[in-house]
Structures are given as C-alpha cells and as structure tokens.
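Chains as they are written, first to last, in our numbering: chain A, 882 to 1065; chain B, 28 to 343.
Cβ atoms here follow ideal geometry from the backbone N, Cα and C, with glycine treated the same way.
Predicted, not measured: the structure shown is a model, and the values here were computed from it.
Here's the structure we're looking at; comments come further down.
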Amino acid sequence: MQVEMIPGVKSRPVYTPVTVNPRSQRQIFIAQDQIPAALQSLYDGCEQGEKSLLTVVTTGAAAAGGALSIDDLAQRVASLPQSSSFYLAGSEAFMWDIAKLLTDAGFISDQIAMLAPLSKERRLFCTHCYTLMDHVTHSPHVCSGCGRALLVRDHFSKIHRAYVGVQINAEDPADLPAAAEELS
Amino acid sequence: MSEGLIEVRVASVADVAPKIREFRFTPVAEALPPFSPGAHVVVEMPGAGKTYRNAYSLMSDPFNPENYGIAVRLQDESRGGSVFMHTQVKEGDVLRITPPANLFAPHWAAKKHILLAGGVGITPFMSYLPEMQRRGADYELHYLFRSEQTGAYRDELKKALGERFFSYDSDAGEKCDVRALLAQGAPGTHIYICGPESLIHAVKAEAEAMGVPAGFIHYEEFAAPKPGKPFTVKVASSGQEVAVSADDSMLEALEAAGVEVTNMCRGGVCGQCVTRVLEGTPEHRDDFLSAAEKSRNDCVMPCVSRAVTDSLTLDL
Ligand code: FES
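Following this line, the structure appears as structure tokens:
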C-alpha cells in the first residue's frame, strides 16, 4: 500500500552506517538492555578519546551489574564535556528517547549517532486520542486508547518520537482489510 | 530591489571609537518595524557614480525600536561604502534601507551563550543583550578590540554587564584564550562570533581540534566582496552583457545594469542570491554552497563570487 502523500518525500528516519568521531574527548556507547555485537565492535574499535560502554535497563528485568536506569543515565551525561559523542543501539523508540534525553541536556543531534534499530517494532502515535503504543508490528493496529483501527504510516514524527497512526478508511471504519500487514 | 525600502532620517552621528562611527536612524514616514536580536539591514549609499550597499547589524533594543542604530568601521581597504558613511553622511540626511532580516538569531534552547565580539563585531550583540537580560539567560560577552581603533561602548557594557563582561585590548597586549573559553563549555553552551574572518577561523579551528561539534558555533561575518580580475556576465534571458570591474561585485554590476537579483546578506551566507550558471566557470567565494555544490559549478552566489573564465552566462 502506498501511503505517502507526496511522492519522493520520506519522513522515515534513515539509519546510515555509524563511524566513531575521532575528535571527541568522550565517547559514550549506550545500549538498551544488552550490548549488541555491532555496538560492541564499534566500541572495541574506538581508539580516540575516553570511552564508556553503558547499558540502560528498559525491560524491568534484573539489572545486570553496572546497568543504568534512565535517571542514572541523565545524571551521568550532565557532567560530560561538550566534546562528547554518543552511539546508540536498541529499538528505534529507545534510541529516540535517549536522543531526547541528550538534547535536553544540551547536546545537539550532530553528536548523536544511532545504529540500525534492532527490531522492526514501531512506536505508534494515535492522531485521534494521542495515545502512544510501543511494540507495534502490524498495520492496521487497534488503538489501545480509543479502539480505532489505525493505519501505521511511514511518517515518523520527531516530536512524538513515534510513527503516526490514522484511522483506516475513515469513511467506513467497518471496512477493514482482511488481514493486517506486517510492518517492515 | 528598490521596492520595499524604508526611508530613514539620520538623527545623529557620533564617533564611538577612533575608527567607528555610530548612526541613529529615525523613520521618515511610519514607525520602524520591530526586529529580532541579531538582525541587520542593508543601507543604500548613493555615491558618485556608484551605489554602495552594505549590511549592518542593528544595535537598538529589538522590542523598542524608536530608532535603528548602526555602527560603521572605517575599513582600511574600503571599496567605498564605509568611506561614504564616514565622510558623506550627515545629521538630517535621508537614506534608504531594507527592512530588517536576521541570519544570526540566538539559539534560545541553549543553556549558556558565549558571545565573542571582535572590534565592530560588537554590533549584533548590542541587540542580543537587552533580550538576554529580559529572559534571564546565562551569557558572557568576550570583547576583543584594539583601543587605538575600535572598542566602542566598552565602558557602558562593563557597567551594564558586570561579571559577565570580559574585555581584551590587543593594543594593551591583552589576549583572549579561545581554547580555555571553549574548554569551559558544558553541554548546551553555544558560541556566537561576530568579527573578522581571522577570529572566526581561529575559533572554528580550535573547536574542531577539541571535538566541539560545529553545531555549537555560530558566526556572522559581513565580509565585503573582495576584488578580483574583471570578467563579463551574460544575462541569458536578454542577451545583455555586463562588465564586472575588478572592484565591483557581480551583484553590484548587475544591479547597476538594471538586472535584479534577489539578495539579502550580500556577504555569501544567506543563499538568497543563488543563480544558475549556464556557461563558464565560477570562482566560488561564498560560505553558502557546499563543497559538492561548488564542484558542480552550475550555481553561483553573485554577491561575493566571481569567474575563473572570462565570461559567465547566468540564468537570469
Ligand atoms: S545575498 Fe546572501 S548569499 Fe548572496
């Protein structure tokens, strides 16, 4: 299904290969729950600057030794120098949450690199009742807030850090596709 | 670009440093439009045989523009504009200016602002400061000057800003340690520079070496277009050929020939004057086009750039 209104305009984030910025004084690698191989090898290959590899717990599972809560992370970054670079790995929603935390702390997007998201799961924003839903894998998706069947668009809203969901077939909401489509 | 110009009366002229003269403009007809901190206007200077147009930062309090203030440094290698302002413009004269435009606004999301002024580069910060104070922003002003030539307003700034004011008089051997300044930057500290190219380059180079991302460094430089070898511009639509002398910019030559080109900063930074090149090779001197765009040679910024070839055909 083609949902883009304007041909050629893509508002889905593109994740390009990440390289280390050799000039940064501090190199901060941040993983969600577990350190994926791609981040580990980026960390291992980083030779300039003082590096740290951090895990942030998001699952509620027992925090392995040294893992941080989001609040711990916020405290840590507050004392970093301006010459810092951040390399993020995890789900797309996680990385954007961390990016928000970093920009709130005064860093800018130039210093934040995101690896390719580790899953196809999307965070969805209902444009009707403003509910945010994580782990969305199929479209349409029934809104947990208002019960509408939402078409998951490829439009990623940086403000909500989520994909935009709009009611499918607004004219006749009963007319649903036979099967939900798996998101890529 | 004669439409949209505002007529202003020169209400006062004052020497504020050995080589800097301040002009205050009041409206001839209706009130002057409000502007935002860091805005500038382009002043039209009808010299003998040539109209100069230079951009100057507005120094007044942006939200209370009873008058517009500008300060003009007499340039050693002036192409005429600053000499005109210093020698021809008297109290009571009427001049024409463009409405204010802003290419150098503060980033209000910053946690701290470090303002770095070199000489007459103090001017945009004169409009920043009242607003920074109103907002309770955290800022510092570092003012580099040569007291034998520049250094306008330093006494009043010192009084108004107290501990936030730092001055460096290079004629008294005082130096600003740019590295130390950058090193104290906690996250969220943004640096703003207005001054000579050499100052801007020094700070940018230091920041790069220290790994401070370019996004924290903001600067404004109204470099007057530098002279070069003469060439001819061909206007594709009319077939008109316009000679660009060594001292004129391509934009000035086109304007003098009656060809309008949209422009704003006249210093190669805003991008307004971008024009397609149909034939010939430009000599890029702007800060707007990316390296890749420059290498394609299919666009040029006529306000500062020139030609490598003897002629340049523009899609005008
Ligand atoms: S007028 Fe601004 S780049 Fe030419």
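Cβ pair residue i, residue j closer than 9 Å
| i | j | result |
| --- | --- | --- |
| residue 170 (chain B) | residue 156 (chain B) | no |
| residue 339 (chain B) | residue 304 (chain B) | yes |
| residue 970 (chain A) | residue 1031 (chain A) | no |
| residue 251 (chain B) | residue 298 (chain B) | no |
| residue 934 (chain A) | residue 910 (chain A) | yes |
| residue 176 (chain B) | residue 146 (chain B) | yes |
| residue 164 (chain B) | residue 133 (chain B) | yes |
| residue 334 (chain B) | residue 307 (chain B) | yes |
| residue 4 (chain B) | residue 179 (chain B) | Lying outside 28 to 343, the shown extent of chain B, residue 4 (chain B) is not represented and no answer is given. |
| residue 218 (chain B) | residue 141 (chain B) | yes |
| residue 31 (chain B) | residue 77 (chain B) | no |
| residue 1043 (chain A) | residue 1013 (chain A) | yes |
| residue 247 (chain B) | residue 168 (chain B) | no |
| residue 94 (chain B) | residue 53 (chain B) | yes |
| residue 963 (chain A) | residue 930 (chain A) | no |
| residue 936 (chain A) | residue 913 (chain A) | yes |
| residue 68 (chain B) | residue 51 (chain B) | no |
Beta bridge counterpart(s) of residue i as assigned by DSSP
| i | result |
| --- | --- |
| residue 1014 (chain A) | A:1005 |
| residue 49 (chain B) | B:41 and B:98 |
| residue 911 (chain A) | A:935 and A:969 |
| residue 72 (chain B) | B:79 |
| residue 309 (chain B) | B:334 |
| residue 166 (chain B) | B:140 |
| residue 1048 (chain A) | A:1031 |
| residue 84 (chain B) | B:67 |
| residue 216 (chain B) | B:139 |
| residue 344 (chain B) | It is not possible to answer for residue 344 (chain B), since the shown part of chain B is limited to 28 through 343. |
| residue 978 (chain A) | According to DSSP, residue 978 (chain A) bridges with nothing at all. |
| residue 221 (chain B) | B:144 and B:247 |
| residue 192 (chain B) | B:168 |
| residue 995 (chain A) | A:969 |
| residue 897 (chain A) | Answer is none; residue 897 (chain A) lacks a bridge partner. |
Contact list for residue i against chain B, beta-carbon separation under 7 Å
| i | result |
| --- | --- |
| residue 910 (chain A) | None at all; the shortest Cβ gap to chain B is about 16 Å. |
| residue 992 (chain A) | 240 |
C-alpha distance - residue i paired with residue j, whole-angstrom precision
| i | j | result |
| --- | --- | --- |
| residue 858 (chain A) | residue 996 (chain A) | Residue 858 (chain A) is absent from the model: chain A starts at 882 and stops at 1065. |
| residue 1021 (chain A) | residue 977 (chain A) | 23 Å |
| residue 243 (chain B) | residue 1061 (chain A) | 45 Å |
| residue 40 (chain B) | residue 47 (chain B) | 11 Å |
| residue 1034 (chain A) | residue 111 (chain B) | 60 Å |
| residue 285 (chain B) | residue 343 (chain B) | 12 Å |
| residue 1058 (chain A) | residue 951 (chain A) | 39 Å |
| residue 960 (chain A) | residue 233 (chain B) | 22 Å |
| residue 193 (chain B) | residue 186 (chain B) | 11 Å |
| residue 1056 (chain A) | residue 1048 (chain A) | 11 Å |
| residue 886 (chain A) | residue 1065 (chain A) | Unreliable placement is indicated for residue 886 (chain A), whose pLDDT of 39 sits below 50; no coordinate value is reported for it. |
| residue 35 (chain B) | residue 268 (chain B) | 34 Å |
| residue 28 (chain B) | residue 62 (chain B) | Unreliable positioning characterises residue 28 (chain B) in this predicted model, as indicated by a pLDDT of 46, which lies under 50. The coordinate reading is nonetheless provided below. Whole-angstrom Cα-Cα distance: 20 Å. |
| residue 43 (chain B) | residue 70 (chain B) | 19 Å |
| residue 49 (chain B) | residue 224 (chain B) | 22 Å |
| residue 274 (chain B) | residue 254 (chain B) | 5 Å |
| residue 330 (chain B) | residue 231 (chain B) | 24 Å |
| residue 337 (chain B) | residue 161 (chain B) | 54 Å |
| residue 101 (chain B) | residue 85 (chain B) | 17 Å |
| residue 989 (chain A) | residue 263 (chain B) | 44 Å |
| residue 283 (chain B) | residue 159 (chain B) | 41 Å |
| residue 984 (chain A) | residue 216 (chain B) | 12 Å |
| residue 213 (chain B) | residue 239 (chain B) | 11 Å |
Closer than 8 Å at the beta carbon, the chain B residues around residue i
| i | result |
| --- | --- |
| residue 1003 (chain A) | Near residue 1003 (chain A) there are no residues of chain B at all, since even the closest Cβ is about 27 Å away, more than 8 Å. |
| residue 957 (chain A) | Residues of chain B passing the Cβ test: none, with the nearest at roughly 12 Å. |
| residue 986 (chain A) | 214 and 215 |
Per-residue contacts from residue i into chain A (C-beta, under 9 Å)
| i | result |
| --- | --- |
| residue 235 (chain B) | 904 |
Contact list for residue i against chain A, beta-carbon separation under 7 Å
| i | result |
| --- | --- |
| residue 138 (chain B) | 987 |
Contact list for residue i against chain A, beta-carbon separation under 8 Å
| i | result |
| --- | --- |
| residue 243 (chain B) | 963 and 989 |
Buried/exposed call for residue i, threshold 16 Cβ in 10 Å
| i | result |
| --- | --- |
| residue 927 (chain A) | buried |
| residue 345 (chain B) | The requested residue 345 (chain B) does not occur in the structure, where chain B is confined to residues 28 to 343. |
| residue 940 (chain A) | exposed |
| residue 172 (chain B) | buried |
| residue 889 (chain A) | Interpretation of residue 889 (chain A) is limited by its pLDDT of 45, a score under 50 that renders its predicted location unreliable; no figure is taken from the coordinates. |
| residue 58 (chain B) | exposed |
| residue 1050 (chain A) | exposed |
| residue 1066 (chain A) | Given that chain A is displayed from residue 882 to residue 1065, the structure contains no residue 1066 (chain A) and the question cannot be resolved. |
| residue 1018 (chain A) | exposed |
| residue 1010 (chain A) | exposed |
| residue 144 (chain B) | buried |
Residue-level contact to chain D via CB, residue i, 9 Å cutoff
| i | result |
| --- | --- |
| residue 933 (chain A) | Of the chains in the structure shown, none is chain D; the protein chains are A and B. |
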